[in-house]
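Residue numbering for the sequence shown is 275 to 594, as defined by this note's numbering. Heads up, the beta-carbon is just placed ideally off N, CA and C, and yes, glycines get one too. The next block holds one structure in the form of structure tokens; read it before the comments.
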Amino acid sequence: MGFWYQATPLWSWILYPISLLFFGVAACRRWMFSIGLLKSSKNKLPVIVVGNISVGGNGKTPFVIWLCELLVKQGYRPGIVSRGYGGKSDTYPLLLDEQTNGQQAGDEPVMIFKRLGLPVVVDPIRSRAAAYLSEHNLADIIITDDGLQHYALQRDIEIVVVDGKRRFGNAHLMPMGPLREPLSRLKEVDFIINNGEECEGEFTMLLQPDHCLTVDGQSRTLPHGCTINACAAIGYPQRFFDTLEHQQFVLNKTVSFADHHLYRAEDFSQFDKSTPLLMTEKDAVKCIAFAQENWWYLPISAELPTALEQQLLEKIKEIQ
275 MGFWYQATPL WSWILYPISL LFFGVAACRR WMFSIGLLKS SKNKLPVIVV
325 GNISVGGNGK TPFVIWLCEL LVKQGYRPGI VSRGYGGKSD TYPLLLDEQT
375 NGQQAGDEPV MIFKRLGLPV VVDPIRSRAA AYLSEHNLAD IIITDDGLQH
425 YALQRDIEIV VVDGKRRFGN AHLMPMGPLR EPLSRLKEVD FIINNGEECE
475 GEFTMLLQPD HCLTVDGQSR TLPHGCTINA CAAIGYPQRF FDTLEHQQFV
525 LNKTVSFADH HLYRAEDFSQ FDKSTPLLMT EKDAVKCIAF AQENWWYLPI
575 SAELPTALEQ QLLEKIKEIQ
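This is the structure in structure tokens:
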């Protein structure tokens with residue numbers, strides 16, 4: 275919601291009682307997990323949660339990919355669990371394979387699987403997905419994409435990704451603001467990753483665009499700096515459009531869809547077919563079946579400081 279990231283309008287205070295109720299319910303639920311009134315599962319493998327305390331696109335998925343690549347280089351066998359938001363499967367847990375699509379598993383898990391080729395298990399109950407990985411010996415360390423507030427799964431390391439530009443908006447809890455938990459929650463996590471900015475006590479993550487690739491998987495070249503159309507169905511579409519401009523593309527038309535939007539072929543009738551269409555990698559995995567010849571996506575890779583690598587690997591060794 276746009277007003278979350280602006281000066282708080284007077285009318286929004288009518289939502290404050292609901293935000294107080296949201297806080298009370300969330301705090302009570304967490305307390306019930308802490309004393310055992312609600313069941314919380316402990317997996318035999320180390321569990322790293324990558325999440326956030328606010329809604330919207332903060333850059334979790336690029337960080338998860340970076341983290342998994344780091345662990346593979348160190349000899350680990352990471353497995354990823356996800357709720358699979360936006361997807362619906364007939365059975366859970368769902369272990370992704372080459373035939374799994376975004377309609378079944380959600381866009382982000384499919385994107386992670388296609389990028390990494392590592393075991394990815396989707397289940398609305400993340401603790402059950404984690405159990406599947408360990409019981410089938412598919413991994414020796416578990417990464418959960420999102421799930422900071424999924425206290426039914428105990429975790430060994432908590433990592434929060436923060437949008438460096440928008441931060442926490444008006445710093446109110448939902449629905450008055452974007453926060454899922456109060457800012458005090460940040461004092462409890464192990465690492466805070468700042469997407470795009472520098473801030474004391476946080477590790478800066480820079481997202482670097484790679485070469486554009488075709489959605490249909492063919493090998494073609496998109497001329498640098500050409501005129502394009504663009505679409506995005508992510509939490510913060512403007513960041514993607516800004517990235518394209520920084521890459522010297524000339525934006526003819528841009529269209530934003532709701533985060534995790536399930537694309538249909540007719541969604542693209544509004545674009546001129548003669549102009550290349552560029553989308554995010556997360557969008558592309560949902561458009562393969564009906565992709566046109568001049569549809570492209572822009573892969574993004576995360577860069578993080580060596581100091582984070584060292585501290586994170588040391589933390590992992592401590593919990594093993």
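Just to confirm my understanding: we take Phe477, look at its own chain, exclude 5 residues before and 5 after, and list those with CB closer than 8 Å. What are they? Cβ neighbours of Phe477 beyond the five flanking positions: Phe465, Ile466, Ile467, Asn468, Leu578, Pro579, Ala581, Leu582.
Please report the straight-line C-alpha distance between Phe564 and Gly330, rounded to a whole angstrom. 27 Å
Closest residue to Leu311 among Lys318, Asn317, Cys302, Lys589 (Cα-Cα distance): When only C-alpha atoms are compared, the closest one is Cys302.
Pop quiz: Thr549 and Tyr571 are said to be a contact at Cβ under 8 Å. What is the actual Cβ separation, rounded to whole angstroms? That pair is no contact at about 16 Å.
Here's the rule: buried if 16 or more other CB atoms are within 10 angstroms of the residue's CB, otherwise exposed. What is Leu294? Answer is exposed; the Cβ neighbour count stays below 16.
Within 10 Å of its beta-carbon, does His410 have 16 or more other beta-carbons around it, so buried, or fewer, so exposed? Exposed is the call here.
So what does DSSP say about Phe545, is it helix, strand or coil? Phe545 sits in coil when the DSSP states are folded into three classes, being neither helix nor strand.
Out of Asp414, Glu567, Lys527, Ala506, state which residue places its alpha-carbon closest to the alpha-carbon of Ile593. The residue from Asp414, Glu567, Lys527, Ala506 with its alpha-carbon nearest to that of Ile593 is Asp414.
Where the beta strand (DSSP E) through Asp437 begins and ends: 431–437
Could you name each continuous alpha helix (DSSP H) segment of 4 residues or more that falls completely within the segment 336–382, going from the start of the chain to the end? 376–379
Quick check on DSSP: helix, strand or coil for Pro483? strand
Might you give, ordered along the chain, the residues of its own chain that have their beta carbon closer than 8 Å to the beta carbon of Asp490, omitting 5 neighbours on each side? Ile562, Ala565, Gln566, Glu567, Trp569
Taking the continuous beta strand (DSSP E) assigned at Thr528, which residues delimit it? 524–530
To the nearest angstrom, how far is it from the Cα of Leu496 to the Cα of Phe542? 19 Å
Going by CA-CA distance only, name the one from Met448, Glu471, Ile309 that's closest to Lys439. The candidate whose alpha carbon is nearest that of Lys439 is Glu471.
Residues in its own chain within less than 6 Å of Thr528 by CB, not counting five upstream and five downstream? Ala504, Phe515
C-alpha distance - Thr488 paired with Pro367, whole-angstrom precision: The alpha-carbon of Thr488 is positioned some 31 Å away from that of Pro367.
Starting from the Cα of His498, find the closest Cα among Leu518, Arg513, Pro511 and give me that residue. Leu518
So Asp419 packs on Val559, CB below 8 Å; how close in whole Å? Not really, about 14 Å apart at Cβ, beyond 8 Å.
On the three-state DSSP scale, how would you describe Ser315? Reduced to three states, the DSSP call for Ser315 is strand.
Spatial distance of Thr501 from Phe545 (CA atoms): 13 Å
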